[in-house]
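Input: a single structure, listed below in structure tokens.
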Amino acid sequence: MKPRVLIIRQMPEAALAVVRDGCEMQYNASDRQLSPEELGQAVADKDGLLCVVTDRVDDAVLASSPALKVVSTVAVGYDNIDVAAATARGIAVANTPGVLTESSADLAWGLLFSVARRITEGDRYIRAGQWRDWKLMLMAGHDVYGQTLGIVGMGRIGQAVARRARGCGMRVLYHNRQRVDASIEAELEATWVSLPTLLEQADFVSLHVPLSPETVRYIGEAELRRMKPIAYLINTARGAVVDEQAVIRALQEGWIAGAALDVFEHEPDVPQALRELENVVLVPHIGSASVATRTRMAVMAAENLIGVLRGERPPNVVNP
Ligand code: DGY
Numbered sequence: 004m005k006p007r008v009l010i011i012r013q014m015p016e017a018a019l020a021v022v023r024d025g026c027e028m029q030y031n032a033s034d035r036q037l038s039p040e041e042l043g044q045a046v047a048d049k050d051g052l053l054c055v056v057t058d059r060v061d062d063a064v065l066a067s068s069p070a071l072k073v074v075s076t077v078a079v080g081y082d083n084i085d086v087a088a089a090t091a092r093g094i095a096v097a098n099t100p101g102v103l104t105e106s107s108a109d110l111a112w113g114l115l116f117s118v119a120r121r122i123t124e125g126d127r128y129i130r131a132g133q134w135r136d137w138k139l140m141l142m143a144g145h146d147v148y149g150q151t152l153g154i155v156g157m158g159r160i161g162q163a164v165a166r167r168a169r170g171c172g173m174r175v176l177y178h179n180r181q182r183v184d185a186s187i188e189a190e191l192e193a194t195w196v197s198l199p200t201l202l203e204q205a206d207f208v209s210l211h212v213p214l215s216p217e218t219v220r221y222i223g224e225a226e227l228r229r230m231k232p233i234a235y236l237i238n239t240a241r242g243a244v245v246d247e248q249a250v251i252r253a254l255q256e257g258w259i260a261g262a263a264l265d266v267f268e269h270e271p272d273v274p275q276a277l278r279e280l281e282n283v284v285l286v287p288h289i290g291s292a293s294v295a296t297r298t299r300m301a302v303m304a305a306e307n308l309i310g311v312l313r314g315e316r317p318p319n320v321v322n323p
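When we follow the working numbering, the leftmost residue of the sequence shown carries the number 4, and every step to the right adds one.
And the structure:
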């Protein structure tokens, strides 16, 4: 009998083809997010689950599917999956690292430029019919070239962000639990500093840490108050890595100059207070969303899924 798998969202044909080949596939082509109850029911008789970042795969979901062998997510981050519970139940969890590094770094830079040079604000201004006259200081923002970039989390994506900073003549500071190899520091011309030093010195603080119990609200009021009032916060990591309410106050009260956010604590809900602010750029969790990259991620996730169902241990299984 072919293994039964649930494909929880619309996927590119290239990924479906990988799964269709050897599996009986239940496919949520409607692309609607399933409620936890619907997810539990849909996965109950499945051997494999292909999910995305917004699916909360907790122990209750895992417990509802006795035959489940693998949860494969189309993402590098897997904080939405209870890996400890999956491990205890003998279920493999797999992710898609590497293939999205450059696209994610591109987006962090896009956000950085957008907020510093007020690009989305300018776009809104024109669309609202407000542009009547050229003025010397109209939409004057902050320079990027030659400034100090602070990278929090120097994994693959943090490093790809740092690599791009050279073209902007920036000084690069980074903070990571462990210093990266000296050869990488030299290549990136990046200097390890403590988090407080990074926050005090950087003109742009870009977050690239995974969400874990140690990084929940890693950047809260105290950290935001350490930043320069002319500095910007860029978050393409996970919403819960920052204290969202503190960020709102920081933006409203001018503790920092602005923020650019790709991720939010309760996606797709974005607090009204954030939506009312001009000094913030908001995008809907599109860090890796180029057509090529999202397709590569989906195919990789499908291959991870199939690999486990064939009895292999694909390289991207994250269980200890
Ligand atoms: C990831 O891969 O973790 C992204 O956040 C989803 O694209």
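Just so it is clear, CB atoms sit at the ideal spot from N, CA and C, and this is done for glycine as well.
Looking at the secondary structure, which residues open and close the beta strand (DSSP E) in which residue 207 lies? 207 to 210
What does the alpha-carbon distance come out to for the pair residue 229 and residue 297? 36 Å
Would the segment 94 to 101 count as touching the segment 214 to 226 if we require 3 or more Cβ pairs under 8 Å? no
For the ligand DGY, I want to know if residue 78 counts as a neighbour, meaning its beta carbon is within less than 7 Å of at least one of the ligand's heavy atoms. yes
Around the Cβ of residue 244, are there at least 16 other Cβ atoms within 10 angstroms (buried) or fewer (exposed)? buried
For the candidate residues 123, 154, 171 and 207, whose alpha-carbon lies nearest to that of residue 182? 154
Taking the C-alpha atoms as reference points, what is the distance between residue 132 and residue 280? 19 Å
Checking the sheet assignment: what are the DSSP bridge partners for residue 27? 7
Residue 186, buried or exposed, once every other Cβ within 10 Å from all chains shown has been counted against 16: exposed
What do you get for residue 199, buried or exposed, if any count of 16 or more other CB atoms within 10 angstroms of its CB means buried? exposed
Taking contact to mean 3 or more Cβ pairs, one atom from each stretch, closer than 8 Å, check whether the segment 69 to 80 and the segment 242 to 260 are in contact. no
Roughly how far, in whole angstroms, is the beta-carbon of residue 257 from the beta-carbon of residue 232, given that I think they are within contact range, below 8 Å? 6 Å
Please indicate yes or no: does the CB of residue 75 lie closer than 7 Å to some heavy atom of the ligand DGY? no
Under 8 Å between the Cβ atoms of residue 308 and residue 73? yes
Could you name each continuous alpha helix (DSSP H) segment of 4 residues or more that falls completely within the segment 86 to 141, going from the start of the chain to the end? 86 to 91, 104 to 119 and 122 to 130
Would you say the beta carbon of residue 290 is closer than 7 Å to some non-hydrogen atom of the ligand DGY? yes
Rounded C-beta distance between residue 207 and residue 255? I'm assuming under 8 Å. 20 Å between Cβ atoms; not a contact.
Near residue 353, which residues of its chain fall below 6 Å by C-beta distance, leaving aside the five closest residues on each side in sequence? What the structure shows of the chain is the stretch from 4 to 323, and residue 353 is not part of that stretch, so it cannot be assessed.
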